[in-house]
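I have placed the structure first, in the form of structure tokens, so that the comments after it can refer back to it.
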């Protein structure tokens, strides 16, 4: 099946040298995008307009354009709500990326929350999406988990959730709880839950673990917290999760954090009581050779030093 994208000017600009046809679905008029291509107008020929209800649509990237002069969103609330409804009704979609939607704010955080809620109200009715990526969020006040809670809890085919490069959003233990708690309402664990360059610190790891300890059976098969900011406190929390009964996690990918030798000791001790975990990646952390030595070479869990 064809892969299409829902793009606006900021993302299209970054794809200006793309040579593959990409379908453009946007609440914006095409003439608002022409200034992006004034140096390369031929690029516009690589794009075509389709509807969100197109039966061939599989992948949607939602990113909202800013006015290049005022740096404010140029999308109306009605357009955003309609966009959400179209995504919600399309039963062919499998992959949804919400990228840089923080520029909905018009400089007003309350309005940003309202606009994002309108978008999510439609998305929440979709039951076909398998992968959700949330990228480039900046406003701490955005209760993303709250807005997308029904989708996270009830979408039967959802396998993967990834939060990327949203340090401003994720820098809150409360927001972490809001994002993760709906996952406890699912019938089965996610295959993958990822936080990449998203500012996850010790407090946020503790919040995540506290939620999953309520029902360890729903811990994701793969947990990735990469290029974030947690150290010994987060390691102690993760170790508690690894030692909990019925934890189904098979892959723990935590590279490029602030983990030192004492964190390695915590994790190594937890592995002695865990027979399910198959791989743990600790590449790019702050461990010395003494930290690597604490892991039992006879363990069935592979400890990776490389990304």
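Numbering (the working numbering), first residue to last: 21 to 327.
In this text, a Cβ means the ideal position worked out from N, Cα and C, and glycines have one as well.
Just so you know, these numbers come straight off a predicted model, no measurement behind them.
Check: Going by Cα to Cα distance, which pick from 261, 208, 323 and 294 is closest to residue 227?
Finding: The shortest Cα separation from residue 227 among 261, 208, 323 and 294 belongs to 261.
Spatial neighbours of residue 153 in its chain, beta-carbon cut-off 6 Å, leaving aside the 5 residues before and after
Cβ-Cβ distances below 6 Å link residue 153 to 117 and 182 in the same chain, with the five nearest sequence neighbours on each side left out; the list follows chain order.
**Item:** Per DSSP, cross-strand counterpart(s) of residue 293
**Value:** According to the DSSP secondary-structure assignment, residue 293 is paired through a beta bridge with no residue.
Nearest to residue 298 (by Cα), restricted to the options 314, 259, 241 and 265 = Of 314, 259, 241 and 265, the residue nearest in Cα terms is 241.
Requested in this report: Please determine, among 323, 295 and 202, the residue with the shortest C-alpha to C-alpha distance to residue 176.
Outcome: Residue 202 is the option with its Cα nearest to residue 176.
query: If you draw a straight line from the alpha carbon of residue 104 to that of residue 143, how long is it in whole angstroms?
result: Taking the straight line from one Cα to the other gives about 5 Å.
Item to complete: Verify the contact flag: residue 226, CB atom, against every heavy atom of the ligand SAM, threshold strictly below 7 Å.
Response: In terms of ligand content, the structure shown is empty, and the ligand SAM therefore cannot be addressed.
Discussion item. Given this structure, state the Cα-to-Cα distance separating residue 110 from residue 146, to the nearest angstrom.
Written reply: Going by the C-alpha atoms only, they are around 7 Å apart.
Compute the distance between the beta-carbons of residue 180 and residue 205, then report whether it is under 8 Å. No. Outside cutoff.
Sub-8 Å separation of residue 247 and residue 225 beta-carbons: Remark: C-beta atoms of residue 247 and residue 225 do not approach each other more closely than 8 Å.
ask   = Taking all protein chains shown into account, do 16 or more other C-beta atoms lie within 10 angstroms of the C-beta of residue 295, making it buried, or fewer, making it exposed?
value = Label assigned to residue 295: exposed.
Within 10 Å of its beta-carbon, does residue 305 have 16 or more other beta-carbons around it, so buried, or fewer, so exposed?
Around the C-beta of residue 305, 16 or more other C-beta atoms lie within 10 Å, and the residue is accordingly described as buried.
| field | Whole-angstrom distance between residue 315 and residue 282, CA atom to CA atom | value | Distance from the CA atom of residue 282 to the CA atom of residue 315, rounded to whole angstroms, is 12 Å.
Just to confirm the assignment, what range does the beta strand (DSSP E) spanning residue 232 have?
From DSSP, residue 232 is part of no beta strand (DSSP E) but of the alpha helix (DSSP H) over 222-232.
Following the continuous alpha helix (DSSP H) through residue 106, name the residue where it begins and the one where it ends.
First-last of the alpha helix (DSSP H) with residue 106: 97-109.
- Message: Can you find the residues in the same chain that come closer than 7 Å, C-beta to C-beta, to residue 222, ignoring five residues on each side of it along the sequence?
- Response: So the qualifying residues of the chain are 250, 251, 253 and 254.
Exercise. For my contact list, residue 210 and residue 178 are in at a C-beta cut-off of 8 Å; report their separation, rounded to the angstrom.
Key: Right, their Cβ atoms sit about 7 Å apart.
Q.
Given this structure, state the Cα-to-Cα distance separating residue 301 from residue 278, to the nearest angstrom.
A. Distance between residue 301 and residue 278, taken at the CA atoms: about 13 Å.
Residue 185 vs residue 217 beta-carbon contact at 8 Å: With contacts defined as CB atoms closer than 8 Å, residue 185 and residue 217 qualify as a contacting pair.
- Below 6 Å CB to CB, which residues in the same chain sit around residue 310 once its five sequence neighbours on both sides are set aside? Leaving aside the five residues that flank residue 310 on each side, the residues in its chain whose CB is nearer than 6 Å to its CB run, in chain order, 281.
Give the DSSP-derived three-state secondary structure of residue 246 in the structure shown. Judged by DSSP in its simplified three-state form, residue 246 adopts strand.
Which same chain residues end up closer than 7 Å to residue 239 when comparing Cβ atoms and leaving out the 5 residues on each side of it in sequence?
These residues qualify, in order along the chain: 209, 232, 261, 267, 268 and 269.
Practice item. Can you grab the Cα-Cα spacing for the pair residue 410 / residue 99, in whole Å? Key: What is shown of the chain runs 21 to 327, which leaves residue 410 out entirely.
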